[in-house]
Amino acid sequence: MDWLSYLNPLMQGAWVTIRLALYSTLLGGMFSFLFGIGRLSGSAPCRWASIAMIEIFRGTSLLVQLFWLFFALPVLGQALGLDLRLPPVVAGTLALSLNIGAYGAEVVRGALQAVPHSQHEAAKALDFTPRQILWRISIPQAVPEMMPSFSNLAIQNLKDTALVSLIGLGDLAFQAERVRNFTQDSVGVYTLLLLMYFGMALVLAGLLRLMETRVGRWRARGI
1 MDWLSYLNPL MQGAWVTIRL ALYSTLLGGM FSFLFGIGRL SGSAPCRWAS
51 IAMIEIFRGT SLLVQLFWLF FALPVLGQAL GLDLRLPPVV AGTLALSLNI
101 GAYGAEVVRG ALQAVPHSQH EAAKALDFTP RQILWRISIP QAVPEMMPSF
151 SNLAIQNLKD TALVSLIGLG DLAFQAERVR NFTQDSVGVY TLLLLMYFGM
201 ALVLAGLLRL METRVGRWRA RGI
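Numbering (full-length UniProt numbering), first residue to last: 1 to 223.
Given below as structure tokens:
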């Protein structure tokens with residue numbers, strides 16, 4: 001079979017992969033700020049809850065997290081009399097988001113702590129509240145420092161989406177395996193798969209580099 005004939009199913013899977021990567025990266029970014037800021041919170045319950053989430057999702061395999069959400073959570077819900085079954089796309093997005101969020105939380109924490117303490121003291125002298133200091137002083141200065149690390153996490157997250165094929169989600173890896181099983185052409189299918197992931201990662205890296213440049217200019221203008 002001609003390699004070009006593989007492109008139709010692979011492109012369908014690539015579209016699923018792109019959406020999954022986009023959703024999980026955006027949601028993972030929100031988890032990053034939630035857990036990262038929570039870890040620095042003055043409230044002990046909030047701080048320890050954030051630490052627990054970070055350590056659990058950094059300290060366990062993404063594959064195990066994915067299987068737990070898709071296979072184990074419904075069983076637990078059944079024992080509790082609840083329907084906790086998640087569609088594959090929801091389970092995949094949630095597992096990827098929590099995983100990237102746990103790693104991103106440490107990026108957020110480190111960047112916030114890198115803001116000079118003298119600026120916090122100056123803001124307190126101006127009668128800023130802790131919330132105002134966080135959103136008007138700390139985060140605007142910390143975001144540019146987070147960008148390179150977040151870019152690496154986003155690219156890693158794109159590659160990690162291949163794991164969702166193991167729960168039956170028709171992403172790029174899933175479609176590639178179906179084509180390979182049908183054609184028995186491992187070289188052709190997996191070569192195209194490698195090139196397609198590389199191409200998507202290259203485009204994503206370019207977009208993220210552009211975003212880093214824009215954020216750097218935004219910071220330089222002092223907005």
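For every residue, glycine included, the Cβ atom is placed at its ideal position computed from N, Cα and C.
Asked                                                                                                                                                                       : Found
From the DSSP output, in three-state form, read off aspartate 160 for me.                                                                                                   : helix
Let me see if you follow: with CB-CB separation under 9 Å, is aspartate 185 close to chain D or not?                                                                        : As a matter of chain content, chain D is missing from the structure shown, which is built from one protein chain.
Are histidine 120 and isoleucine 100 close, meaning C-beta to C-beta below 9 Å?                                                                                             : no
Pick out whichever of Ser5, Leu7, Ile18 has its Cα sitting closest to the Cα of arginine 202.                                                                               : Per the sequence presented here, residue 202 reads as leucine, with arginine not at that position. Answer by Cα proximity: Ile18.
Report, in whole angstroms, the separation of the C-beta atoms of valine 164 and proline 87, which I expect to be a contact under 8 Å.                                      : Their Cβ separation, rounded to whole angstroms, is 11 Å, which puts valine 164 and proline 87 out of contact at 8 Å.
At what residue ranges does the segment 88-142 contain a whole run of the beta strand (DSSP E), taking only runs of 3 or more?                                              : none
Alpha carbon to alpha carbon, what distance is there between isoleucine 56 and tryptophan 48?                                                                               : 12 Å
Buried or exposed for glycine 29, please, with buried defined as at least 16 other CB atoms from any protein chain shown within 10 angstroms of its CB.                     : buried
Within 10 Å of its beta-carbon, does leucine 153 have 16 or more other beta-carbons around it, so buried, or fewer, so exposed?                                             : buried
Enumerate in chain order the residues of its own chain whose CB-to-CB distance from leucine 7 is below 8 Å, with the five nearest sequence positions on each side excluded. : Leu192
So serine 24 is in the alpha helix (DSSP H); what residue range does that whole segment cover?                                                                              : 7-39
Between Asn157, Gly36, Glu212, which has its C-alpha nearest leucine 62's C-alpha?                                                                                          : Asn157
Could you give the DSSP three-state label for threonine 60: helix, strand or coil?                                                                                          : coil
Measure how close the beta-carbons of arginine 39 and arginine 131 come, nearest whole angstrom, since I'm counting them as under 8 Å.                                      : Going by Cβ atoms, the distance from arginine 39 to arginine 131 rounds to 17 Å, so no, they are not a contact pair.
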